[in-house]
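**Q** Structure incoming, see below.
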Amino acid sequence: MLILKAGDVHALLANKESVLIETVKAAYEAHSNGHSSLPHSTFLRFPDQDRNRIIALPGYLGEEFEIAGVKWISSFPANLEMGLNRASAVIILNSLLTGRPETLIEGSIISAKRTAASATLASQWIHDRSQVSPLGVIGCGLINFETIRFHLAAFPEIKRVIIYDIDEAVANRFRKKCLDTFDEIEIEIAKDLRTILRISSLISVATTAIKPHLSDLSDCHPGSTILHISLRDFSPEVILSCDNVVDDIDHVCRAQTSVHLAEQLAGNRDFIRCTLADITKRSVSARKSAERITIFSPFGLGVLDLAVANLVVELARKNQTGTVIQSFLPGSWMEAK
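Be aware that the sequence shown starts at 906, since it is given in our numbering, and climbs by one per residue.
Structure representation (structure tokens):
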């Protein structure tokens, strides 16, 4: 059993943004080609704790990956008040020959980076590159921090980022972290959410909202692209009024996401134009029109975690990183005393 801790994963993925974006693209396309097995995510919830959940994302991904495993990830937003990260996770990879678990990996870093890579891939393929700056960010947590990191790697012309968080103290800490981490970047704190919509035409939304709180996009520029990472921020009416791109139609239309609520309101899924893989495979056009607002709503597919975890394992073996435990699994029960 190979065990890779958070420090191992962080070091192995440092400065790998371009590789991760390409890995996510390949994973999306393999899934789109039918070379995957991806059961619906299982949500473990708790009585009287609407905001807390633990999610299991099992899957198999073929083509160049040939990997199977599961991510077990929790989201406890109140952790932030205790100085802890909102999300924590482990990823287990299994042998396709024996089914035995072979690798245990800290999963929250992988989860954040694959999410940011997915959002950046969408920006690369959907948004007008001449309009990427300033980048707008709603929600000042780890996911949007990584989203900024990946966008700066993919779009070096971004020199200005405008951020907003409902908690001004959080926004100030986020701004300082960004300025300490990223070079030659201007970080502005917006006075309200609508300022982001008015100024930026490329906007990333990653909040802890559990129900819609945005019902009006009239302040948005024509042709804006919204990366709806947190999935539950927009009213179903807003979703129905926009051009909708998702990662997987069946997966995103569940668990009371904004897209799921729109499906319930409309009685169908016709408002979803395509998946991101349809665009990267050039099966459909990147945008429905130059003027319409496009919302990308990625449910977050377990195959992305597997693809990135597979990359981490390859890098770990190459660099002889991690801890190997030889006696983690039992031998044959016939030989046990």
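C-beta atoms are modelled at their ideal positions from N, C-alpha and C, and glycine is treated no differently. If you're wondering where the values come from, they're calculated on a predicted model, not measured in any experiment.
Are the beta-carbon atoms of Val975 and Leu962 separated by less than 8 Å?
**A** yes
**Q** So, helix, strand or coil for Ser1028, using DSSP?
**A** DSSP places Ser1028 in the helix class (H, G or I) of the three-state scheme.
**Q** To which residues of the same chain is Phe1233 closer than 7 Å at the C-beta, ignoring the five residues directly before and after it?
**A** Met906
**Q** Please list the terminal residues of the continuous alpha helix (DSSP H) segment that includes Pro1141.
**A** Pro1141 to Ser1146
**Q** Taking the C-alpha atoms as reference points, what is the distance between Ile1090 and Gln1169?
**A** 42 Å
**Q** Out of curiosity, what's the CA-to-CA distance linking Leu1047 and Tyr933?
**A** 23 Å
**Q** Under the DSSP definition of a beta bridge, which residues are partnered with Ser847?
**A** Residue 847 lies beyond the residue range present for the chain, which begins at 906 and ends at 1242; the question has no answer from this structure.
**Q** Among Asp1155, Gln1161, Gly912 and Ser1123, which residue has its Cα nearest to the Cα of Arg1197?
**A** Ser1123
**Q** Within the same chain, show all residues whose beta-carbon is closer than 6 Å to that of Gln1036, passing over the 5 residues directly before and after it, in chain order.
**A** Cβ neighbours of Gln1036 beyond the five flanking positions: Ser1106.
**Q** Just the C-alpha distance for Asn984 and Asn990, rounded to the nearest angstrom, thanks.
**A** 6 Å
**Q** Anyone know if the C-beta pair for Ser1146 and Ser1120 falls short of 8 Å?
**A** no
**Q** Using three-state DSSP, classify Pro982 as helix, strand or coil.
**A** helix
**Q** Is it a yes or a no for the region 1175-1184 touching the region 1124-1135, going by three-plus beta-carbon pairs under 8 Å?
**A** no
**Q** With Ala973 and Asn999 assumed to form a contact (beta carbons below 8 Å), what rounded beta-carbon distance in angstroms separates them?
**A** 5 Å
**Q** Excluding sequence positions up to five away, which residues of its chain have a Cβ less than 6 Å from the Cβ of Gly879?
**A** Only positions 906 to 1242 of the chain appear in this structure, which leaves residue 879 out of reach.
**Q** Restricting to runs no shorter than 4 residues, where is the alpha helix (DSSP H) found entirely within the region 1192-1242?
**A** 1207-1224
**Q** Measuring CB to CB, does Ser1070 end up less than 8 Å from Phe1079?
**A** Per the sequence shown, the amino acid found at residue 1070 is Asp instead of Ser. Contact check for Asp1070 against Phe1079 passes: the beta carbons are separated by less than 8 Å.
**Q** State the Cα-Cα distance for the pair Lys1116 and Ile1177, rounded to the nearest angstrom.
**A** So the alpha carbons of these two residues sit roughly 20 Å apart.
**Q** Looking at the unbroken beta strand (DSSP E) that takes in Leu1107, where does it start and where does it end?
**A** Leu1107 to Val1110
**Q** For Leu1002, which of helix, strand or coil comes out of DSSP?
**A** coil
**Q** Whose CA, out of Leu1084, Ala1076 and Thr1086, lies closest to the CA of Asp1097?
**A** Ala1076
**Q** Quick one: any contact between the region 994-1012 and the region 1207-1226, if contact means 3 or more CB pairs under 8 Å?
**A** Judged by Cβ distances under 8 Å, the region 994-1012 makes contact with the region 1207-1226, as three or more pairs qualify.
**Q** Mind checking which residues open and close the alpha helix (DSSP H) that includes Ala1171?
**A** Ser1163 to Ala1171
**Q** According to DSSP, is Phe1176 helix, strand or coil?
**A** coil
**Q** Compute the beta-carbon to beta-carbon distance between Leu917 and Leu925, rounded to the nearest angstrom, for a pair I have assumed lies under 8 Å.
**A** With 8 Å as the limit, Leu917 and Leu925 do not qualify as a contact, their Cβ atoms being about 11 Å apart.
**Q** Could you check the C-alpha separation between Ala1022 and Gly1172 for me, to the nearest Å?
**A** 32 Å
**Q** Closer than 7 Å to a non-hydrogen atom of the ligand GDP - does that hold for the CB of Ser1035?
**A** The ligand GDP is not part of this structure, which contains no ligands at all.
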